[in-house]
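Structure record follows, encoded as structure tokens.
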Amino acid sequence: MKIDVLTLFPAMFAGPLDESIIMRARKAGLLDLNIHNLRDWTHDRHKTVDDRPFGGGPGMLLKPEPIFEAVESLARAETKVILLSPSGRKFDQSIARELAQEKDLLLVTGHYEGFDARIREALADDELSIGDYVLTNGALPAMVVIDAVARLLPGVLGDDNSSHDESFSAGLLEYPQYTRPADFRGMKVPDMLLSGNHAEIEKWRREQAQLKTQTNRPDLLP
Ligand code: 4GN
-14 MKIDVLTLFP AMFAGPLDES IIMRARKAGL LDLNIHNLRD WTHDRHKTVD
36 DRPFGGGPGM LLKPEPIFEA VESLARAETK VILLSPSGRK FDQSIARELA
86 QEKDLLLVTG HYEGFDARIR EALADDELSI GDYVLTNGAL PAMVVIDAVA
136 RLLPGVLGDD NSSHDESFSA GLLEYPQYTR PADFRGMKVP DMLLSGNHAE
186 IEKWRREQAQ LKTQTNRPDL LP
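As numbered in the working numbering, residues -14 to 207 make up the sequence shown, in order.
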């Protein structure tokens, strides 16, 4: 998969996507990631990307010209163009799975108070939000989407981990898990898990997942 990102802060992307599983995927050619500076598509001396809203109001908006030129030069017919903003539809695991089927993504991140609405209307195929909070710019949301999508690409994770996602999509949170030592500073691993009785362990895990979900995410339960 190819992912292009349009941002005012390309330096923010160095680091998080240069480590571990994502970097390995990039080196293996499974993910072709390209970060672009929106100011490269301005033509004035000050590299202006923003302007004041018609009708008044606080703050500045991203003006259409640089973003239209950038998207027109970066996107092909098959590219899915996605805006990151708090007004988007809420990103989740099922949207990550949908996006992982695409060939090319172009993530457009904003800054200031928002985008000129024509950007959304004429350029974007989708508008996504990673959650109900406002950040100073869309770089972190773009990295969240990239990470969530990239780990679903074939070959990026071992098979071990793909079944793990199934349990999340099954609608319950994870049951608690333990590793050695069986007694750490007096905190003991539940006897059940040391019993070797796999049917009982399965039952215990289902109950624990149910309890955990009831406590932390009752909205996930029917
Ligand atoms: C996205 C962008 C939060 C999200 C953002 C989110 C930059 N904050 N919840 N900040 O996914 C208006 C236009 C603020 C750009 C945006």
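For glycine and all other residues, C-beta sits at the position ideal for the given N, C-alpha and C.
In this text the structure is predicted, and so the values were computed from the model without any measurement.
Residue i Cβ short of 7 angstroms to the ligand 4GN heavy atom set
i, result
"Leu(-7)", "no"
"Ser79", "no"
"Ile115", "yes"
"Gly42", "no"
"Phe(-2)", "no"
"Pro1", "no"
"Ser70", "yes"
"Pro126", "yes"
"Leu120", "yes"
C-beta atoms of residue i and residue j nearer than 8 angstroms
i, j, result
"Val(-10)", "Leu92", "yes"
"Gln199", "Tyr160", "no"
"Ala85", "Leu138", "yes"
"Phe53", "Leu108", "yes"
"Arg105", "Glu112", "yes"
"Phe39", "Met128", "no"
"Asn122", "Gly95", "yes"
Residues that residue i bridges to, as DSSP identifies them
i, result
"Phe39", "Note: Phe39 sits in no beta bridge, so no partner."
Rounded distance between the beta-carbons of residue j and residue i, thought under 8 angstroms
i, j, result
"Tyr97", "Leu23", "About 12 angstroms; that fails the 8 angstroms criterion."
"Val141", "Ala10", "5 angstroms"
Cα-Cα separation, residue i to residue j
i, j, result
"Ile(-12)", "Val56", "13 angstroms"
"Glu4", "Gly41", "44 angstroms"
"Leu18", "Thr27", "23 angstroms"
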